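Take the position in the sequence shown, starting the count at 1, then add 14; the result is the number in the numbering used here.
We treat Cβ as the ideally placed atom computed from N, Cα and C, and that holds for glycine.
Keep in mind the model is a prediction, meaning the values are calculated, not measured.
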Amino acid sequence: MTVAAPHPAASGVVTVPALEVRDLVVRYGSGRKARNAPPAVDGVSFDIAPGETLGLVGESGSGKSTIGKALLGLQKPSAGTVRVHGQDITGMSLKQRSRQVADLRVVFQDPYSSLNPSRTIGQTLVEPLRLMGIGAAEALRRARAGVESVGLPGDAVDRYPGQFSGGQRQRIAIARALVCEPKVVVLDEPVSALDLSTQAQVLNLLADLRDQRGLSFLFIAHDLGVVRFLSQRAVVLYRGQVMETGPVEAVTQAPRHPYTVALTSAAPVPRPAEQAARRAAREALGMGTAGSAQASATGCPFVPRCPLSTDVCAEQRPPLRLVGDTPTACHHAERVPAL
Ligand SMILES: Nc1ncnc2c1ncn2[C@@H]1O[C@H](COP(=O)(O)OP(=O)(O)OP(=O)(O)O)[C@@H](O)[C@H]1O
Numbered sequence: 015m016t017v018a019a020p021h022p023a024a025s026g027v028v029t030v031p032a033l034e035v036r037d038l039v040v041r042y043g044s045g046r047k048a049r050n051a052p053p054a055v056d057g058v059s060f061d062i063a064p065g066e067t068l069g070l071v072g073e074s075g076s077g078k079s080t081i082g083k084a085l086l087g088l089q090k091p092s093a094g095t096v097r098v099h100g101q102d103i104t105g106m107s108l109k110q111r112s113r114q115v116a117d118l119r120v121v122f123q124d125p126y127s128s129l130n131p132s133r134t135i136g137q138t139l140v141e142p143l144r145l146m147g148i149g150a151a152e153a154l155r156r157a158r159a160g161v162e163s164v165g166l167p168g169d170a171v172d173r174y175p176g177q178f179s180g181g182q183r184q185r186i187a188i189a190r191a192l193v194c195e196p197k198v199v200v201l202d203e204p205v206s207a208l209d210l211s212t213q214a215q216v217l218n219l220l221a222d223l224r225d226q227r228g229l230s231f232l233f234i235a236h237d238l239g240v241v242r243f244l245s246q247r248a249v250v251l252y253r254g255q256v257m258e259t260g261p262v263e264a265v266t267q268a269p270r271h272p273y274t275v276a277l278t279s280a281a282p283v284p285r286p287a288e289q290a291a292r293r294a295a296r297e298a299l300g301m302g303t304a305g306s307a308q309a310s311a312t313g314c315p316f317v318p319r320c321p322l323s324t325d326v327c328a329e330q331r332p333p334l335r336l337v338g339d340t341p342t343a344c345h346h347a348e349r350v351p352a353l
């Protein structure tokens, strides 16, 4: 099994982050109703160092993909900034980005819908290079090298997506992302549509490419086992907010926030006693047992035995936040002295 590479920041050398996200807020829709609704992403901040992989985890609907879309310019942020190697790209249009921001690319979840079925692999890979002003012959040479770098034959450029398996298509999607030689790649659930053995192959390929090229990954996933395999650090999201962040081993093996405990309890661990404790934590928090954790609609999803329902709580926000080493107050506990 591939082991996550050491965190580059461990060397003590101060570097400009490959990706810097500050106080990101994203609201969908417009008008008063949208303004009054809780944002899909609510003040999220994180950095990714050069060569580092950051796992972004959370239950379905927690805002993971919305963050990915905001980084890529597919969804306009309501507030906050996004910098790639120090360059502020927050307000850039998609057109500007395609010319200027070759540093940031994406691999989407679904290898079947993310490639245009009517275009050859070569046409798909050449397009972003041509937008960057690279000549046709050189772009085709790079496209061939790109498919070879993900373990496919160079003549794959003459074929169509329908002629490849799901795993091969995901390799092609990775080649498309890397052909522009980006520094940062957003991987939005890149293996969750693949069967288990293909998942392992694609994860190993991603780890190899990252280590060879010094890439930084934002690895969006709901499967904590997969996140642990590739990431050095993890950010746990709930309802658009960061609940906990830290080294991936600490977050997955010794989570500090009750929500993370509940989320991790769905992932198998080698020690039965720990598994049982985590299962109990999930039950205490009123969360489901499947991989996608669901908070209880009634009853506080954060504090065991808290009698306040999310309907009653005026804050309508997670009561306890643990970011870095700085826990903030539990609003629910302030209101319920008996806790
Ligand atoms: N186009 C949209 N219009 C309105 N609301 C949206 C839109 N896309 C997402 N949302 C809402 O934003 C919130 C975050 O959704 P998002 O897709 O980012 O979550 P996620 O963590 O990626 O979930 P999943 O793991 O299921 O993909 C959810 O409440 C969702 O309903």
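- Y126 sits exposed, since fewer than 16 C-beta atoms from the chains shown fall within 10 Å of its C-beta.
- With contacts defined by Cβ atoms closer than 8 Å, G239 and T212 do not form a contacting pair.
- In the three-state scheme derived from DSSP, where H, G and I count as helix and E and B as strand, D37 is classed as strand.
- Relative to D209, the option among D124, L145, S163 whose CA is nearest is D124.
- At a threshold of 7 Å, G149 does not count as near ligand 1, since its beta carbon sits no closer than that to any of the ligand's heavy atoms.
- Proximity of the region 135-147 to the region 186-201 meets the contact definition, three or more beta-carbon pairs being nearer than 8 Å.
- Ligand 1 never approaches K109 closely enough for any of its heavy atoms to be under 7 Å from the residue's Cβ.
- Scanning G228, Y174, P261, R46 for the CA closest to the CA of L70 turns up P261.
- Beyond the five residues adjoining it in sequence on each side, V249 comes within less than 6 Å, by CB distance, of F60, L70, V256, T259 in the same chain, given in chain order.
- Excluding residues up to 5 positions away in sequence, V164, G165, R185, I188 lie with their Cβ nearer than 8 Å to the Cβ of L219 in the same chain.
- In this structure, D202 places its C-beta atom within 8 Å of the C-beta atom of V121.
- In the three-state scheme derived from DSSP, where H, G and I count as helix and E and B as strand, L192 is classed as helix.
- C-alpha of A63 to C-alpha of G149: approximately 32 Å in a straight line.
- Listed as beta-bridge partners of A151 by DSSP are no residues whatsoever.
- Around K83, the same chain offers Q89 as residues with beta carbons nearer than 7 Å, after the five sequence neighbours per side are excluded.
- By the CB criterion at 8 Å, L118 and V198 fall inside the cutoff.
- In this structure, the alpha-carbon of L217 lies about 27 Å from that of G254.
- Excluding its 5 nearest sequence neighbours in each direction, T80 has C-beta neighbours in its own chain below 7 Å: V40, A54, V55, Q89, listed in chain order.
- Residue pairing from DSSP places I62 in a beta bridge opposite L33.
- With a threshold of 16 other beta carbon atoms within 10 Å, A48 falls short and is exposed.
- Here the alpha carbons of P272 and Q110 stand approximately 42 Å from one another.
- The nearest non-hydrogen atom of ligand 1 is less than 7 Å from the C-beta of A54.
- When DSSP reads this structure, D202 sits in a beta bridge with I234.
- Relative to ligand 1, the beta carbon of G87 is positioned no closer than 7 Å to any heavy atom.
- At least 8 Å separates the beta-carbon of V35 from that of G100.
- Non-local C-beta neighbours of D172 in its own chain, meaning closer than 7 Å and more than five positions away in sequence, comprise T134, G136, ordered along the chain.
- For Q137, DSSP records no beta bridge to any residue.
- Only buried fits P91, as 16 or more other CB atoms lie within 10 angstroms of its CB.
- In this structure, the straight-line span from the alpha carbon of E152 to that of R158 is close to 10 Å.
- DSSP, read as helix, strand or coil, puts R247 in strand.
- Closest option to T104, judged by alpha-carbon separation, among T138, P131, Y174, L33: L33.
- For the pair L251 and G43, the CB atoms are not nearer than the 8 Å cut-off.
- About 5 Å separates the beta carbon of L232 from that of V200, a gap short enough to meet the 8 Å contact definition.
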